[in-house]
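Numbering (the working numbering), first residue to last: 1 to 285. Below you'll find the structure, written out as structure tokens, and then a few comments.
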């Protein structure tokens, strides 16, 4: 399939609310994103705390914004069964919220090694159990789960799923035979380094499991591995090449900007950040 042009097609693009640093009320954030011409938004749960979801949904409809994803899960890995059950309940509530917002998927960041443990295999087994249990909730609400593998530097504390291959293996283990309610979110920041990335994107496409594509850039040097992501074009990731692979594999969803930048972009005026995102999406991605 030919690469979709993004020039004058911001309707194909989404802004993850983390990109604006969670500084504004969600109503103002949504207004700015819609005014900038983007077609979709990926809200974080923290931006929804204390909000009337029906009112937010009405604003989304009035502005023409789609919700391409709802971010993100509570970590599944826990020290004991009580913590594991609490995580499942919280994620069930989040899936219900995603449904109310008519989100196209719910992003799962699964958790790392529980505090005090050295058993990463056990953490991965716990994740598999949790995803298996949440799948029924996701199916009942019509909100697929998008497993998002994170860079290996986060294996200890954020995600014991480190590669797209691992995420797809887990999807096949729980849901063999192709997509029903489990898929993957491909985040360029986390996956760009993987020598098997393009092969695994093709595999995900064959199974129709690509539910999201996130873009930002890897800065050299990176001063903070969590909070110093780059604007597209400021780093070393071949973003257009990754998008070309995803679209060749059949992906036709939104291209979502997700940038954590405590010391730079989160200090800038939000409208300026959105203008820069719009320019870079069209020029770089």
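Just so you know, even glycine gets a beta-carbon here, dropped at the ideal spot from N, CA and C. Remember, it's a predicted structure, so these values are computed and weren't measured experimentally.
{"query": "Sequence ranges, beta strand (DSSP E) only - wholly within the segment 87-115, length at least 3", "result": "106-108"}
{"query": "Contacts around residue 146, its chain only, beta-carbon distance under 8 Å, and the 5 residues preceding and following it disregarded", "result": "69, 105, 106, 107, 108, 183, 184, 185, 211, 212"}
{"query": "Proximity winner among 160, 39, 197, 203, relative to residue 117 (alpha-carbon distances)", "result": "160"}
{"query": "Ordered list of beta strand (DSSP E) runs contained in the segment 157-204, each at least 3 residues", "result": "182-187"}
{"query": "Residue 66 burial status per 10 Å Cβ neighbour count (16 or more: buried)", "result": "buried"}
{"query": "Residue 13, enclosing beta strand (DSSP E) - first and last residue", "result": "13-16"}
{"query": "Same chain only: Cβ atoms within 6 Å of residue 59, ignoring 5 sequence neighbours per side", "result": "30"}
{"query": "Reference residue 175; option with closest CA among 1, 14, 136, 152", "result": "136"}
{"query": "Buried versus exposed, by CB contacts within 10 Å (16 or more), residue 254", "result": "buried"}
{"query": "Minimum C-alpha distance to residue 130 - residue among 103, 83, 151, 101", "result": "83"}
{"query": "Inter-stretch contact (C-beta, 8 Å, three-pair minimum) for the segment 33-52 and the segment 229-242", "result": "no"}
{"query": "Nearest-angstrom Cα separation, counted from residue 193 out to residue 155", "result": "15 Å"}
{"query": "Buried or exposed (CB count within 10 angstroms, at least 16 for buried), residue 21", "result": "buried"}
{"query": "Beta strand (DSSP E) segments (min. 3 residues) lying fully within the segment 206-249", "result": "210-215"}
{"query": "Straight-line Cα distance separating residue 112 from residue 173", "result": "20 Å"}
{"query": "Rounded separation between residue 188 and residue 214 - CA only", "result": "6 Å"}
{"query": "Which of helix, strand or coil DSSP assigns to residue 261", "result": "strand"}
{"query": "Beta-carbon proximity check, residue 245 vs residue 198, cutoff 7 Å", "result": "yes"}
{"query": "Sheet register partners of residue 70 (DSSP bridge)", "result": "106"}
{"query": "Given residue 270 as reference, the closest of 19, 4, 13 once Cα atoms are compared", "result": "19"}
{"query": "DSSP bridge partner residues for residue 273 (one or two, in chain order)", "result": "Answer is none; residue 273 lacks a bridge partner."}
{"query": "Euclidean distance between Cα positions of residue 76 and residue 8", "result": "40 Å"}
{"query": "Rounded straight-line distance, which links the Cα of residue 55 to that of residue 97", "result": "13 Å"}
{"query": "Cβ neighbour criterion (16 or more within 10 Å) applied to residue 115", "result": "exposed"}
{"query": "Residue environment, residue 153, which counts as buried when at least 16 other CB atoms sit within 10 Å", "result": "exposed"}
{"query": "Nearest-angstrom Cβ-Cβ length linking residue 71 and residue 281, presumed shorter than 8 Å", "result": "That belief does not hold up - the Cβ atoms of residue 71 and residue 281 are roughly 19 Å apart, past 8 Å."}
{"query": "Residue burial classification, residue 110 (beta-carbon count within 10 angstroms, cutoff 16)", "result": "buried"}
{"query": "Burial state of residue 220, where buried means 16 or more other Cβ atoms lie within 10 Å", "result": "exposed"}
{"query": "Inter-residue spacing [alpha-carbon to alpha-carbon] between residue 63 and residue 42", "result": "14 Å"}
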